[in-house]
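Okay, so here's the structure we're looking at.
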Amino acid sequence: MEYDFRKIEQHWQSQWKRTNAYKVANDTTKPKYYVLDMFPYPSGAGLHVGHPLGYISSDIYARFKRLKGFNVLHPMGYDAFGLPAEQYAIEHGVHPAVSTDKNIDTFRKQLDNIGFCFDWDREVRTSDASYYKWTQWIFLQLFNSFYNRTTAKAEPITVLTASFEKEGNSIHPFPNGQYKLEATGKATFTADEWKAFDEATQQAILMEYRLSYCGVGEVNWCEGLGTVLANDEVINGVSERGGFPVVKKKLRQWYLRITEYADRLLEGLERVDFSDAMKEMQGNWIGKSYGAEIDFAIDGGSGALKVYTTRPDTIFGVDFMVVAPEHELIEQITTADQKVAVEEYIAYVKSRSDRERMAEKKISGCFTGAYVLNPFNGHKVPVWISEYVLAGYGTGAIMAVPCGDERDFKFAQHFNIPVTNIIGDAFDGQEANATKDAVLQNSDFLNGVGMKEAMTIVIDKLVEMGIGKRKVNFKMRDAAFSRQRYWGEPFPIQWKNGIAYPLSESELPLELPHIEKYGPGPEGEGPLANVSEWTARHLETNTMPGYAGSSWYFLRYMDPHNNDTFCDRKISDYWGQVDVYIGGTEHAVGHLLYSRMWTKVLYDLGHIGHDEPYKKLINQGMIQGSSRFVYRVRGTHKYVSSGLASQYETDKLHVDVNIVDGFELDTEAFKKWKPDFAEAEFILEDGKYICDSEVEKMSKSKFNTVNPDVLVEKYGADTFRMYEMFLGPVEQSKPWDTKGIEGVHRFLRKLWRLFFDEVKGKVWNEEKATDAELKVLHKTIQKIEKDTEAFSYNTAVSAFMVCVNELGDLKCNKREVLQPLLILLTPYAPHVAEELWKELGNTTSILDASYPVFEEKYVAETTKEYPVSINGKLRTTMSIDLNATQEEVEALVFANEIVQKWVEGKPVKKFIFVKGKMINVVV
């Protein structure tokens, strides 16, 4: 009986679909286990072999847990809204709703072809109105809530208004410590003042507290394209598409007040099983620091420049100030002779994204002409502006201490700013503790104290002088939550007289109108600003960003068809946290932080019973493409083989890896690949055209992608699944090499021959297994269970190969051994396992089998290889039963021919036997 893998796989995929084999119940007495993938954006290119790495990993684990007796939730859906889908639709001249549905259809077929155990009845698509109705509902929960710092949780906005009516905002100061009421210029108000405010003022105040709020933010405006661009669409101040100039423009934006959750987001990292690297990334992004805010009086003017510093004790070493180009004081303090230079510099900075500014290696800046006064020594300190200071962090201004900070020193050196000589004439690039030296040499109240004590004393002095205060700061900013795009969730907000009013829940979903043309609205507004029916209702014209739907989708999977709520509380309490979440590190400080925040808000408001979404996170590595290159002789249609390329002046071109066998180019296929190559001529070496190679990111643009459909058709889904795992540890990146897949395919054929011979037919039997055969089985059970639990799938695949080889050597075709082996194999190669399970005569599905139980007795060693010495010199080794008595051991040793040779009939003076260790005969 032949191993017809494609026939087998298609049969069982159809059978599993027909019988709803992967349907998961919410009401079961089994313990639950929730295995989740970061759901994909369905691109038009479909899957390449790099995409399924995480999906196969989760599929193996989900199947494994099911065999171990768990009720396993393993769903799949699509992150279908967002910029990539809109851009793809624009480029292909179709509506994003049409292209998205088509791309999802392609993805679904490819996923099914690999044989995943997804419960497709739970599929979600973030672009479906039935789904984004609840995204809008959650947005309203955020909009109608504030973060109560007293109770350290989100509470309804009505709790806040009730407090305002009793005691003003004395208990709940503005989250933005810089905010002041326009009418009074103060940051506080009384209960009577609150009651006297008109509705517009009250709503403006509440907007400063809401967890989802509207403000004014800078966007990248491209006049040439007539649209707002994302940061990654801007390169060196121009649009990636078309090269048009890009400038900063202030537009109305929605934000999430994630900064209120900064401490809880940090604390939560201590309770989840994330890698240390992931925790560090999130911790650095949140960026909690302790320091002080200090007011430096403006020399010759009114007011002060407020700075935040983590080292207030270095104030005696301050040589200049640097403020962000967006700082509100620049216009006020810039002197007349510096006005033109400052304006030119600010115009330059406006063309650059924050990402470019932070990554910039070159030093740039401009002197404002203004000075501030050091409060301790009265020194005049010059005020500069530079792009490396961002308005969104701290106060948007820093005090520069060149003697203790390398970046400050290089800035001073570049602009010839005099540096206080405290620790030497030059900064040597090493970590310098300027603090203590500066303090000891410049103050009479810090003599002989250490750094920590100095910081405390300085802050106390600043507070006493009324020019400073202790401050805990966070690097993380509130998350921008709106896009001037069409393809996204509409905000359930209506604007009346400049006030944002939430729609009622009964009006949800607010559906995205179907429009064929969706160019930008006037002055950078979203395309919805062009829809008259929309603007007539005064609806918000921005849409939500791509991460809106992905911030909570794991909850909807639990209860996807519920029309009354986003997820029934009983059901969410049953499934609880995601037990294992698998996805890429590229979402470390985006999706993962937002979803953690949304979960905490829903928990605070009593909608779910857990405040962290994921217990354990596995970050799969990247499967890299092994690119192939040809060398074109410059200015010709001749292509020279790589070994001869150095003899010519050439251009190195990517070539489709699918027309290269190893490194040998299929020259005829190359000529047919693109019209440009139809006239190609080849300069060969040894009659072949050999390509050059390089490991790169797998990408369509590099022609190094491999379609999994091709490999599944040629080798089978089971082979493809096991080979992806065999490439290396799940967490590591590794290059793809199709040639290695043959070995895994041979392994499955060898497994098949333990059951069926292509000539003889059935060879499996009901004979009793020997101890040696049971030892192989139980050694494999122990290894596979341990490796699967640890996600060490590559070593598990190796263990399967070893097992099948050993059973082949033992000529073991016994059901007693083979049947448990099939259960072990099911998570990895479910199709062949199900087929052979049926051929063994089982009437139930192997998916519902019980995982084999490891029994120590079968692998326990019963013999020991003893070193045997004669007069202290090793002469031989002997395998002896561990339970043998001393008399039995002596008899066996003296019967050994090698021992007899060395004893040579001499009388034995002593026989030394140390059980389990050694034997020595003294003659």
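Numbering of the sequence shown is given in my numbering, commencing with residue 1264 and proceeding in unit increments. Ideal placement from N, C-alpha and C gives every residue a C-beta, glycine not left out. As the structure is a prediction and not an experimental result, all values here were calculated from the model.
With a contact defined as Cβ atoms closer than 8 angstroms, residue 1933 and residue 1922 qualify at about 6 angstroms. Residue pairing by DSSP places residue 1551 opposite 1737 in a beta bridge. Closest in C-alpha terms to residue 2073, from the list 2034, 2108, 2084, comes 2034.
Following the DSSP letters along the chain, one finds residue 1283 in no beta strand (DSSP E), marked with neither H nor E. The DSSP assignment places 2149-2157, 2160-2166 as complete runs of the alpha helix (DSSP H) inside the segment 2116-2166, in order along the chain (cut-off: 4 residues). Listed in chain order, the non-local C-beta contacts of residue 1991 below 6 angstroms within the same chain comprise 1997, 2057, local neighbours out to five positions each way being set aside.
According to the DSSP assignment, residue 2063 belongs to no beta strand (DSSP E) but to the alpha helix (DSSP H) extending over 2056-2072. Taking a cut-off of 8 angstroms on C-beta distances, the segment 1425-1437 does not touch the segment 1806-1813, as fewer than three cross pairs fall below it.
Residue 1903 holds the alpha-carbon nearest to the alpha-carbon of residue 1949 among 2156, 1516, 1903, 1376. For residue 1901, the CB contacts under 8 angstroms within the same chain, skipping 5 residues up- and downstream, are 1895, 1943, 1944, 1945, 1946 in chain order. Under the DSSP assignment, residue 2100 falls in the alpha helix (DSSP H) whose first and last residues are 2093-2102.
For residue 2014 and residue 2105, the gap between their C-alpha atoms comes out near 18 angstroms.
Unbroken alpha helix (DSSP H) runs of no fewer than 4 residues, entirely contained in the segment 1841-1919, are found at 1854-1867, following chain order. Distance from the CA of residue 2121 to the CA of residue 2049, rounded to the nearest whole angstrom, comes to 17 angstroms.
Note that the C-beta distance between residue 1492 and residue 1483 is below 8 angstroms.
With fewer than 16 other Cβ atoms from the protein chains shown falling within 10 Å of its own Cβ, residue 2028 counts as exposed. The C-alpha of residue 1625 is placed about 33 angstroms away from the C-alpha of residue 1439.
Here the alpha carbons of residue 2180 and residue 2140 stand approximately 11 angstroms from one another. By the neighbour-count criterion, in which a residue is buried when 16 or more other Cβ atoms sit within 10 angstroms of its Cβ, residue 1300 is buried.
A distance below 6 angstroms between beta-carbons, with the five flanking residues on each side excluded, links residue 1629 to the following residues of its chain, in chain order: 1604, 1605, 1608, 1648. Proximity of the segment 1291-1307 to the segment 2121-2136 falls short of the contact definition, fewer than three beta-carbon pairs being nearer than 8 angstroms.
If you draw a 10 Å sphere on the C-beta of residue 2149, you find fewer than 16 other C-beta atoms in it, and that means exposed. Non-local beta-carbon contacts of residue 1801 in its own chain, meaning distances under 8 angstroms to residues more than five positions away in sequence, involve 1757, 1758, 1759 in chain order.
For residue 1484, the secondary structure class from DSSP, reduced to helix, strand or coil, is strand. Taking every protein chain shown into account, the CB of residue 1869 has fewer than 16 other CB atoms within 10 angstroms, so this residue is exposed. The criterion of a C-beta distance shorter than 8 angstroms is satisfied by residue 1920 and residue 1889.
Between residue 1653 and the set 1672, 1589, 1329, the nearest pair of CA atoms involves 1589. Residue 1520 and residue 1513 have their C-alpha atoms some 19 angstroms from each other. In the DSSP annotation of this structure, residue 1757 is not part of any alpha helix (DSSP H); the continuous beta strand (DSSP E) holding it starts and ends at 1756-1759.
For residue 1632, the uninterrupted beta strand (DSSP E) segment begins and ends at 1629-1636. The three-state secondary structure of residue 1671, taken from DSSP, is helix. In chain order, 1541, 1544, 1545 place their CB closer than 7 angstroms to the CB of residue 1851, counting only its own chain and leaving out the 5 sequence neighbours on each side. Residue 1475 sits in a strand when the DSSP states are folded into three classes. Scanning its chain for C-beta atoms nearer than 8 angstroms, with the 5 sequence neighbours on each side dropped, one finds around residue 1886 the residues 1312, 1313, 1316, 1961, 1987, 1990, 1996, 1997, 1998, 1999, in chain order.
Residue 1323 sits away from residue 1938, with the two beta carbons spaced by 8 angstroms or more. Annotated three-state conformation of residue 1294 is coil, per DSSP.
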